[in-house]
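Below is one structure, written out as structure tokens, with a few remarks after it.
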Amino acid sequence: MDNDIKQCPDRSAKTARSETGNPSTNNAAKGSSRRKFLGQVGAALTGGVVLGKGPLASAQSDASGTAGGVRLPGGVIDPRVKKSFAIRVGTATKEALIPVPPHTTNGDEERYPDKSGTYTKGILQDGIGLVNLNAYQTFKRALNSGSDADLENIIIGGTRTLNGPQGGLAFGLEGSDAVQFGNAPSPANQQNGIVVAPAPAVASEAYGTELVEMYWASLLRDVAFTDYASNEIAAQAAQELSGMLTYAGPRKSNGRVTPNLLFRGPYP
23 MDNDIKQCPD RSAKTARSET GNPSTNNAAK GSSRRKFLGQ VGAALTGGVV LGKGPLASAQ
83 SDASGTAGGV RLPGGVIDPR VKKSFAIRVG TATKEALIPV PPHTTNGDEE RYPDKSGTYT
143 KGILQDGIGL VNLNAYQTFK RALNSGSDAD LENIIIGGTR TLNGPQGGLA FGLEGSDAVQ
203 FGNAPSPANQ QNGIVVAPAP AVASEAYGTE LVEMYWASLL RDVAFTDYAS NEIAAQAAQE
263 LSGMLTYAGP RKSNGRVTPN LLFRGPYP
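FYI, our numbering numbers position 250 of the sequence shown as 272, with every residue one higher than the one before it.
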């Protein structure tokens with residue numbers, strides 16, 4: 023059994039360390055591209071702070087009480103606070119210059135007019151497991167506009183409200199904005215690599231493989247991770263996933279999935 027302890031069967035947060043688990047070549051390439059992108063952006067921003075290049079230099083050297091064209095609030099006299107303000111404005115300026123890359127989808131929304139391939143949990147349904155199309159449009163309108171009025175007017179089913187429909191509209195105060203991280207090639211900030219690929223289409227083999235993995239995980243929900251190596255169900259799960267070409271989790275160097283590698287993340 024590996025020395026590291028798996029805390030939950032969430033592949034997105036796990037990697038295999040002690041037992042050699044090799045993600046697929048495609049996933050490895052994505053991870054490499056991601057690390058390269060983040061490293062270059064970090065180096066660029068650090069270079070601006072340390073060497074005083076580009077917009078940050080003018081922000082730091084402006085003695086008129088402004089940084090990058092943004093005026094300091096009145097009454098700010100502490101030198102360190104002024105310098106912090108200049109660094110933040112300069113960094114934000116650099117971040118804003120990163121182009122917005124393409125944001126592609128898996129095509130399921132367009133592919134299925136009844137929206138059967140789209141996540142609609144909580145939205146009014148028509149009684150047959152399909153979303154009410156008018157209700158769906160209120161949901162989509164709210165996501166596109168972000169207005170409080172549209173969010174309040176989403177037609178939901180039952181008495182349960184949606185959990186966090188505004189989550190995707192939030193702004194982070196660190197790093198680039200979420201819209202600047204796409205899932206399609208963008209030579210400006212991703213070195214032609216895909217950062218986060220669109221979710222597999224409902225009818226794809228990859229999606230079917232994910233379902234197989236989740237069903238195995240459900241059968242093993244009451245089995246301690248430390249018992250996987252000796253558990254017959256875990257052995258069966260590993261055997262089946264080993265033969266699935268679209269399985270994206272880690273494998274041994276011989277291509278096999280072992281019980282100790284089950285349900286771990288593919289990213290290095």
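Built from N, CA and C at the ideal position, the CB exists for glycine as well.
Check, Outcome
"With 16 other Cβ atoms within 10 Å as the buried cut-off, status of Phe193", "exposed"
"Where Val217 sits in the DSSP three-state scheme", "coil"
"Start and end residues, alpha helix (DSSP H) containing Glu196", "Neither: Glu196 is in no alpha helix (DSSP H) and is coded neither H nor E."
"Buried or exposed (CB count within 10 angstroms, at least 16 for buried), Arg182", "exposed"
"Distance CB(Val279)-CB(Ala260) smaller than 8 Å", "yes"
"Bridge-paired residues (DSSP) for Ala89", "Val92"
"Endpoints, alpha helix (DSSP H) assigned at Ala239", "227 to 241"
"Top-ranked residue by Cα proximity to Gly90, from Gly97, Glu235, Lys104, Gly190", "Lys104"
"Nearest-angstrom Cα separation, counted from Lys162 out to Pro123", "22 Å"
"Cross-strand partners of Ile150 (DSSP beta bridge)", "Paired residues: none, contrary to the question."
"Assumed close pair Pro281, Ala257 - CB separation to whole angstroms, cut-off 8 Å", "6 Å"
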